[in-house]
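Number 789 in the numbering used here belongs to position 319 of the sequence shown; there are no gaps in the numbering. Every residue gets a Cβ at the ideal spot worked out from N, C-alpha and C, and that includes glycine. These numbers come from a predicted model, not from an experiment. Here the structure is laid out as structure tokens; the discussion comes afterwards.
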Amino acid sequence: MTKTLKLIPRHQLNTTAWDACVAASSQRILYGYSWYLDAVLPAPDWKWVGLVLPDESGDTYQAVMPVPLRRKTIAGITYEWVVHQPFFCQFLGVFSLEKSIDSGPFLVLMIGQFRYGSIYNTYQQPDGRHASQLITTHTLDLSVGYETIYKNYSHDRKTNLHRAHRDFDKATTWTITESTDVEPLLTLFQANHADAIDGGVANWAYAIFRRLMNELSKRNLTILRYAMHKGNMEAGVLFLCAGDRIIYLFNAASELGRKVNARTLLIDQLIQEYAGKPAIFDFESPEKPSIRDFYRSFGAVEQSFWTLRWNRLTVVERGLVKFKSWF
Numbered sequence: 471m472t473k474t475l476k477l478i479p480r481h482q483l484n485t486t487a488w489d490a491c492v493a494a495s496s497q498r499i500l501y502g503y504s505w506y507l508d509a510v511l512p513a514p515d516w517k518w519v520g521l522v523l524p525d526e527s528g529d530t531y532q533a534v535m536p537v538p539l540r541r542k543t544i545a546g547i548t549y550e551w552v553v554h555q556p557f558f559c560q561f562l563g564v565f566s567l568e569k570s571i572d573s574g575p576f577l578v579l580m581i582g583q584f585r586y587g588s589i590y591n592t593y594q595q596p597d598g599r600h601a602s603q604l605i606t607t608h609t610l611d612l613s614v615g616y617e618t619i620y621k622n623y624s625h626d627r628k629t630n631l632h633r634a635h636r637d638f639d640k641a642t643t644w645t646i647t648e649s650t651d652v653e654p655l656l657t658l659f660q661a662n663h664a665d666a667i668d669g670g671v672a673n674w675a676y677a678i679f680r681r682l683m684n685e686l687s688k689r690n691l692t693i694l695r696y697a698m699h700k701g702n703m704e705a706g707v708l709f710l711c712a713g714d715r716i717i718y719l720f721n722a723a724s725e726l727g728r729k730v731n732a733r734t735l736l737i738d739q740l741i742q743e744y745a746g747k748p749a750i751f752d753f754e755s756p757e758k759p760s761i762r763d764f765y766r767s768f769g770a771v772e773q774s775f776w777t778l779r780w781n782r783l784t785v786v787e788r789g790l791v792k793f794k795s796w797f
């Protein structure tokens with residue numbers, strides 16, 4: 471396979487063939503589509519290239535793997551491009567017309583082409599040639615129906631959901647509204663969550679989110695809901711809905727929104743709407759115990775994927791990195 475695999479720059483890719491391969495693959499997920507990658511990897515500091523296994527004619531792609539790249543400075547040295555997983559893109563990997571495919575040759579070509587990989591997340595378990603770390607998201611099978619799902623809620627989640635219904639159902643000051651305006655959600659996040667993130671959140675990250683939201687909205691792939699109190703937005707949740715997967719992409723809440731368990735109510739509301747359908751609810755959970763426990767309280771189970779990191783910097787470059795870490 472390594473002889474027929476091709477590394478193709480973004481501008482030379484057959485976008486129609488790429489997206490058709492992703493759509494027809496058993497690994498299909500929004501993250502793999504060309505337009506999604508374009509949105510989360512904007513120039514000039516981000517880009518992506520494709521590893522492609524074409525058919526004999528070259529008009530159809532049998533398998534594809536996106537490689538996300540970021541311009542990065544390491545110890546004062548600017549590298550042209552390093553492999554780096556973008557925001558709002560939980561994992562990537564090989565998308566194939568075959569039900570199963572060996573991802574090894576794709577990873578070998580990627581790692582051989584790029585000397586530095588700060589992070590690359592893949593849903594396909596790498597073989598022993600590649601050092602990897604197991605990480606997890608949490609998912610909920612919606613096909614079993616709401617009655618079964620609710621039975622698996624933790625005692626605390628049921629209690630908090632009951633309290634949320636009490637506050638929302640009896641008080642005329644609380645309402646739930648659907649929207650297409652993402653700005654209040656970003657305002658809530660900046661005011662209540664951004665400072666708690668190590669290193670903060672750069673302006674370019676918000677710009678990428680807005681860019682992605684625009685692309686998703688054009689394709690009617692989002693559900694954005696707010697919990698409002700006396701006209702003020704106190705909590706918001708953004709879901710991506712495509713095919714058989716619902717992704718809990720982004721959320722925020724004020725102190726008041728957290729106090730009344732607004733996000734619990736908003737999540738449960740969507741679960742009820744899709745329960746009984748052949749779909750998976752993906753909490754897209756970070757490796758943070760408090761958040762992980764919150765998602766588990768809905769009965770969600772772990773789904774594994776893997777992160778790869780590699781470093782083939784020279785001895786001098788490694789020395790500079792170590793030296794800089796001392797200051």
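| Asked | Found |
| --- | --- |
| Extent of the continuous beta strand (DSSP E) run through Gly615 | Looking at the DSSP string, Gly615 is not in any beta strand (DSSP E), and its letter there is neither H nor E. |
| Buried or exposed by the 16-neighbour rule on C-beta atoms within 10 Å, applied to Asn591 | buried |
| The beta strand (DSSP E) enclosing Glu772, as first and last residue numbers | Val771 to Asn781 |
| Cβ neighbours of Asn630 in the same chain (closer than 7 Å, five flanking residues each side left out) | Asn731 and Thr734 |
| Distance CB(Gln594)-CB(Ser573) smaller than 7 Å | yes |
| Coarse secondary structure for Ala732, derived from DSSP in three states | helix |
| Spatial neighbours of Gly502 in its chain, beta-carbon cut-off 7 Å, leaving aside the 5 residues before and after | Val492, Pro536, Leu562 and Phe565 |
| Limits of the unbroken beta strand (DSSP E) element including Ile667 | No beta strand (DSSP E) contains Ile667, which DSSP labels as neither H nor E. |
| N-terminal and C-terminal residue of the alpha helix (DSSP H) that His699 is part of | First-last for His699: Thr692 to His699, but that is the beta strand (DSSP E), not the alpha helix (DSSP H). |
| Three-way DSSP call (helix, strand, coil) for Gly721 in this model | A quick correction: the sequence has Asn, not Gly, at residue 721. In this structure, Asn721 counts as strand in the three-state DSSP scheme. |
| Pairwise C-alpha distance: Ser613 and Tyr623 | 16 Å |
| N- and C-terminal bounds of the alpha helix (DSSP H) containing Cys491 | Thr485 to Ala494 |
| Top-ranked residue by Cα proximity to Val671, from Phe557, Ile737 and Arg689 | Phe557 |
| DSSP three-state assignment for Gly713, whether helix, strand or coil | coil |
| Buried versus exposed, by CB contacts within 10 Å (16 or more), Glu653 | exposed |
| Cβ distance (whole Å) where Ser496 is taken to contact Lys569 below 8 Å | 5 Å |
| Reduced DSSP category for Gln595 - H, G, I as helix; E, B as strand; rest coil | coil |
| Expected contact under 8 Å - CB spacing of Phe584 and Leu475 to nearest Å | Actually they are not in contact, since the Cβ atoms of Phe584 and Leu475 sit about 15 Å apart, beyond 8 Å. |
| Extent of the continuous alpha helix (DSSP H) run through Glu653 | Glu653 to Asn662 |
| Secondary structure of Tyr503, DSSP reduced to three states | coil |
| Span separating the alpha-carbon of Thr472 from that of Leu726 | Because Thr472 sits at a pLDDT of 46, beneath the cut-off of 50, its placement in the model cannot be relied upon, and the following sentence gives the value as read from the coordinates. Roughly 56 Å separates the two Cα atoms. |
| Rounded C-alpha distance that separates Phe768 from Ile619 | 8 Å |
| For Ser760, three-class secondary structure by DSSP | helix |
| Which of helix, strand or coil DSSP assigns to Thr472 | For Thr472, the predicted structure reports a pLDDT of 46, less than 50, and the residue's modelled location is therefore unreliable. The matter cannot be settled from this model. |
| Bridge-paired residues (DSSP) for Met683 | According to DSSP, Met683 bridges with nothing at all. |
| Cutoff 7 Å; reference Glu757; Cβ partners in own chain excluding five residues on either side | Ile605 |
| Leu483 versus Arg498: straight-line alpha-carbon distance, rounded | 19 Å |
| Under 7 Å between C-beta atoms of Arg691 and Leu708 | It is Leu, not Arg, that sits at residue 691 in the sequence shown. Not a contact, by the Cβ cut-off of 7 Å. |
| Buried versus exposed, by CB contacts within 10 Å (16 or more), Val553 | buried |
| Segment contact, 8 Å Cβ cut-off, at least three pairs: the segment 738-758 with the segment 715-725 | yes |
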